[in-house]
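Under our numbering, the first residue of the sequence shown is numbered 57, with each subsequent residue one higher. Using N, Cα and C, we set each Cβ at its ideal position, and we do this for glycine too. Here's the structure we're looking at; comments come further down.
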Amino acid sequence: MTNQSDTTNYLQAFVEGMISSGVEQAVISPGSRSTPLALLLHRQEKITTFVEVDERSAAFFALGLSKASGKPVALLCTSGTAAANYYPAICEANASHIPLIVLTTDRPHELRQVGAPQAMDQFHLFQSHVKEFIEMAIPEGTKAMLDYSYWQGMRVIDTACQTPKGPVHLNFPLREPLLPDLNQALIAEKTTKIVVGKKQLSEDELIKFVDACQGKKGVLVVGGSHTPEEAKVFIELAESLNWPILSDPLANITACGKDSSLIMSYADLFIQEVEMNQSPEVVIRFGMVPISKNTMFWLQSLSETSKIYFVDETGEWQDQLKQTQVAIQAEEQLFAKAIRDRVKIKTTDSWRDQWINWQEITAQQLMKLSEMKTLNETSASILVHKKMAKDGQLFVSNSNAIRFLDRFSSPESNQYQLFGNRGINGIDGIVSTALGMCATHPNRQNVLLIGDLAMYHDMNGLLLAKRYNLPLTIVLLNNNGGGIFSFLSQRQLKSDDFEPIFGTPIDLDFSLVAQLYDAEYTKAESLEQLEQLLEATQTQAKFQLIEVVGDRQENVLLYEKVIGGLTEKLGKK
57 MTNQSDTTNY
67 LQAFVEGMIS
77 SGVEQAVISP
87 GSRSTPLALL
97 LHRQEKITTF
107 VEVDERSAAF
117 FALGLSKASG
127 KPVALLCTSG
137 TAAANYYPAI
147 CEANASHIPL
157 IVLTTDRPHE
167 LRQVGAPQAM
177 DQFHLFQSHV
187 KEFIEMAIPE
197 GTKAMLDYSY
207 WQGMRVIDTA
217 CQTPKGPVHL
227 NFPLREPLLP
237 DLNQALIAEK
247 TTKIVVGKKQ
257 LSEDELIKFV
267 DACQGKKGVL
277 VVGGSHTPEE
287 AKVFIELAES
297 LNWPILSDPL
307 ANITACGKDS
317 SLIMSYADLF
327 IQEVEMNQSP
337 EVVIRFGMVP
347 ISKNTMFWLQ
357 SLSETSKIYF
367 VDETGEWQDQ
377 LKQTQVAIQA
387 EEQLFAKAIR
397 DRVKIKTTDS
407 WRDQWINWQE
417 ITAQQLMKLS
427 EMKTLNETSA
437 SILVHKKMAK
447 DGQLFVSNSN
457 AIRFLDRFSS
467 PESNQYQLFG
477 NRGINGIDGI
487 VSTALGMCAT
497 HPNRQNVLLI
507 GDLAMYHDMN
517 GLLLAKRYNL
527 PLTIVLLNNN
537 GGGIFSFLSQ
547 RQLKSDDFEP
557 IFGTPIDLDF
567 SLVAQLYDAE
577 YTKAESLEQL
587 EQLLEATQTQ
597 AKFQLIEVVG
607 DRQENVLLYE
617 KVIGGLTEKL
627 GKK
């Protein structure tokens with residue numbers, strides 16, 4: 057056997073191991089050292105491959121593929137700084153529990169620390185941001201080493217998919233020749249069956265929990281990312297208890313197609329303005345704290361008489377408030393369904409009705425605002441939410457875009473899936489992640505709601521849409537700068553300090569950006585025109601950019617106007 061033959065069999069065994077554990081897609085960033093793995097992945101009929109030359113964009117694209125499919129996705133690059141460009145997406149994958157399989161190729165050991173070109177220390181490159189790191193052995197063709205390669209490919213993917221899910225990193229030192237033997241018959245395919253159980257409470261513990269909650273004045277708080285079907289379970293749990301439900305936009309409570317008077321979609325607006333005569337007796341939290349700062353402040357203000365339960369299926373104790381009195385480590389959906397089905401006593405309507413009243417007063421205030429009937433960043437964001445098709449996919453960017461949806465959207469009858477990168481909350485890689493979402497289900501309506509800085513930050517990702525004909529509609533909220541800082545304490549600064557450091561106007565003509573990547577471009581001039589454009593996306597998918605020109609100060613004034621009206625209406629002193 058030759059080194060070429062050994063390398064081919066060894067790497068093919070690894071690929072078979074990945075397939076055995078459910079890998080169906082791979083994203084390749086071209087390079088020399090990764091040649092044998094790239095070719096074997098590309099020629100593998102059971103794996104769909106995408107090629108992206110920009111490693112940062114490639115990693116976020118893989119992140120989007122995994123988010124939308126719910127399956128592990130492989131990510132391959134050459135040696136050197138190529139791997140370092142994966143870092144932001146891996147950090148996001150780790151924090152948001154996305155199973156990325158990061159495959160970096162490397163110089164063999166004899167070429168390390170000796171001045172060889174394109175060689176750097178890739179050992180534990182991503183440190184604590186991956187669930188596991190494996191330095192693979194130099195390829196050999198013995199049966200023992202082929203079994204080892206297959207086993208690692210199978211096992212590490214299973215590790216990535218175990219709760220809490222997350223990225224794993226394998227580093228492959230490869231010797232030349234780097235071209236695999238493409239005429240060589242592939243080794244016999246192997247399969248390994250993996251059976252995974254669920255983490256749940258005993259019947260006695262469930263009964264104790266129900267007894268501690270039913271009939272009590274309580275609140276359900278749902279954070280993290282969930283599918284529409286999962287969101288419906290949380291709403292059903294709230295209805296069985298007769299409790300209001302507060303949630304993060306990515307929990308899909310307002311996008312799951314199930315309406316309920318218990319959904320407090322405007323909580324961010326009213327919760328700090330109301331006179332609450334009594335704190336809840338019980339709070340049940342699922343996942344991380346929602347994006348709303350006002351909801352977080354309200355939770356922090358609760359007295360010690362409020363019993364706080366935290367359902368933490370990851371077992372990572374991700375509770376920034378540190379108020380948990382009882383931590384429940386169980387599968388969220390199994391737990392929610394079990395409690396829903398065992399509740400016999402509902403809380404009195406008076407507790408529920410005051411919350412519904414606050415929600416309705418806020419809705420009435422919003423309906424009176426003339427700004428909601430004209431085109432601006434807030435009204436455009438609400439319209440995107442309303443015009444999503446059944447089973448459509450919406451990716452929402454960080455900073456202002458997701459906050460517009462959090463504050464102002466209400467439950468609609470259209471069931472769609474909302475995605476975002478809320479693990480680390482960065483604006484890097486948003487376009488590429490959204491395109492990964494789009495590539496998973498290209499026949500659905502796919503929309504990205506994004507600001508101008510986040511768009512600029514990841515324009516390289518647009519090449520993926522051009523190359524793979526991905527029909528993503530980008531709704532660009534362009535206020536020419538960092539609009540989020542106009543809501544924060546930095547806005548107190550003088551213009552000479554604020555504008556260059558926080559306002560950061562970029563003065564880009566995005567019609568030229570669309571032209572560069574062969575996207576159709578439209579500048580929306582009215583809310584009615586935007587509505588027509590969004591309705592068309594429900595049936596006529598295409599790669600397009602719709603620009604909504606906004607104003608940073610206008611966004612702040614609208615928010616302050618809403619809060620001022622609620623303060624007066626709800627009577628908090």
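Ranked by how close their Cα comes to the Cα of LYS246, the residues GLY253, ILE194, ASP203, ILE327 have ASP203 in first place.
Here ALA383 carries a strand assignment [DSSP, helix/strand/coil].
Non-local C-beta neighbours of GLN81 in its own chain, meaning closer than 6 Å and more than five positions away in sequence, comprise THR104, LEU121, VAL129, ordered along the chain. For ILE483, the number of other beta carbons within 10 angstroms of its own is at least 16, and it is reported as buried.
The beta carbon of GLY537 sits closer than 6 Å to the beta carbons of GLY559, THR560, PRO561 from its chain, once the five residues preceding and following it are set aside; these are given in chain order. The beta carbon of GLN385 sits closer than 6 Å to those of ASP368, GLY371, all from its chain and outside the five residues before and after it, given in chain order.
The DSSP assignment places 449-452 as complete runs of the beta strand (DSSP E) inside the region 402-459, in order along the chain (cut-off: 3 residues). The way I'd put it, the region 565-582 doesn't touch the region 487-500; fewer than three beta-carbon pairs between them come closer than 8 Å. Around the C-beta of ASN150, 16 or more other C-beta atoms lie within 10 Å, and the residue is accordingly described as buried.
Its Cα nearest to that of ALA419, the residue LEU325 stands out among TRP373, PRO527, LEU325, ARG408. Boundaries of the beta strand (DSSP E) harbouring ILE190: 188-191, taken from the DSSP string. With a 10 Å radius around the Cβ and a threshold of 16 neighbouring Cβ atoms, GLN183 comes out exposed. For GLU387, the CB contacts under 7 Å within the same chain, skipping 5 residues up- and downstream, are LYS254, LYS255, GLN256, GLU369 in chain order. For THR215, the enclosing alpha helix (DSSP H) stretches over residues 199-217. By the neighbour-count definition (other C-beta atoms within 10 Å, threshold 16), GLU166 is an exposed residue.
Membership of VAL83 in the beta strand (DSSP E) is indicated by the continuous run 81-84. Between the beta-carbon of ILE480 and that of GLU148 there is about 5 Å, and that keeps the pair under the 8 Å contact cut. In this structure, VAL487 is the residue among VAL487, LEU491, VAL503 with its C-alpha nearest to the C-alpha of ALA510.
In the same chain as VAL612, and ignoring 5 residues on each side of it, the C-beta atoms closer than 7 Å to its own belong to SER542, PHE543, in chain order. In this structure, the CA atom of LYS221 is about 15 Å from the CA atom of PHE189.
The three-state secondary structure of LEU377, taken from DSSP, is coil.
Per DSSP, GLU261 is one residue of the alpha helix (DSSP H) stretching across 259-269. When DSSP states are grouped into helix, strand and coil, ILE194 belongs to the coil group. For THR310, same chain residues with a beta-carbon under 6 Å away, outside a window of 5 residues either side, are SER321, SER465, PRO467 in chain order.
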